[in-house]
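This report concerns only the one structure given below.
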Amino acid sequence: MQHLKNLKIYTPDDEYSLFLMKEHSAEFFISEDGRDWYESQASFSPDTLKVAYDEAGIIRSISKDVSSIYPRDFSVVEVDITARNQNVDISGGWVFSEGEIKPRQYSPVELCKQAEAQKAELLAAAATEIAPLQDAADLGEATEDENALLLAWKKYRVMLNRVKPEDAPDITWPELPS
């Protein structure tokens, strides 16, 4: 199984590569052990997954076709195609570590940032729901159901504002009004 680590841009010294760089803005990459990306592609098996991961091990690209991966500042490894590996995505929730693909373990700081983002998204959605209901109430046009829903959304927003992102991952999010 091939494993090219820390691929960086470099300038090859052959005339044709220099022509491609000048005329077509081609980029060439070399691994930390001196292997050229394009020359190494032939060594990859056609029946494996090719995984590109960053310096933190986070998977950033996956393909069966090695030529479809843009490797700049990544490492590229091939792994067997398994049921588990076929479910991996590039959302940032997977890492390549100790020779295998694993679910990512987020740091407390990352979990807090995720909770902050989720809280902001939920607050924005609540504001969107509240606005027309509040307009109807302000104009004296709200129905009984709209007033009840407005109150439920406001209570939800209050409870949401009390969520402390620093408590992640142990957060109990309030239930959406129905």
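By the numbering used here, the letter at position 55 of the sequence shown is numbered 38, and the numbering carries on one by one without gaps.
We treat Cβ as the ideally placed atom computed from N, Cα and C, and that holds for glycine.
- Our two residues, Glu127 and Ala119, have alpha carbons roughly 11 Å apart in a direct line.
- In its chain, beyond the 5 residues on either side, Gln24, Phe27, Lys33, Val59, Glu61 have a beta carbon closer than 8 Å to the beta carbon of Val49.
- For the pair of segments examined, the region 68 to 78 was found not to touch the region 101 to 117: the number of CB pairs separated by less than 8 Å stays below three.
- Nearest Cα to Asn(-11) within the set Ser0, Phe2, Glu15, Met4: Glu15.
- Note on the region 48 to 126: whole alpha helix (DSSP H) runs with a minimum of 4 residues are 66 to 69, 91 to 121, in chain order.
- Setting aside the 5 residues that flank it on each side, Asp63 is surrounded in the same chain by Thr31, each with a C-beta closer than 7 Å to its C-beta; the list follows chain order.
- Per DSSP, the unbroken alpha helix (DSSP H) holding Phe2 starts and ends at -2 to 7.
- Between the beta-carbon of Arg55 and that of Ile(-8) there is about 6 Å, and that keeps the pair under the 8 Å contact cut.
- Taking Leu143 as reference, the option from Glu149, Thr155, Leu134 with the minimal CA-CA separation is Thr155.
- Boundaries of the beta strand (DSSP E) harbouring Ser46: 42 to 46, taken from the DSSP string.
- Classified as buried, Phe57 has 16 or more neighbouring CB atoms from the shown chains inside 10 Å of its CB.
- Pairing Arg145 with Ala109 gives a Cβ-Cβ distance that is not under 8 Å.
- Under a 10 Å Cβ-count criterion, Leu(-13) is classified as buried, with 16 or more other Cβ atoms of the shown protein chains found around its own Cβ.
- The continuous beta strand (DSSP E) containing Leu32 extends over residues 32 to 36.
- Note that the C-beta distance between Tyr21 and Phe79 is not below 8 Å.
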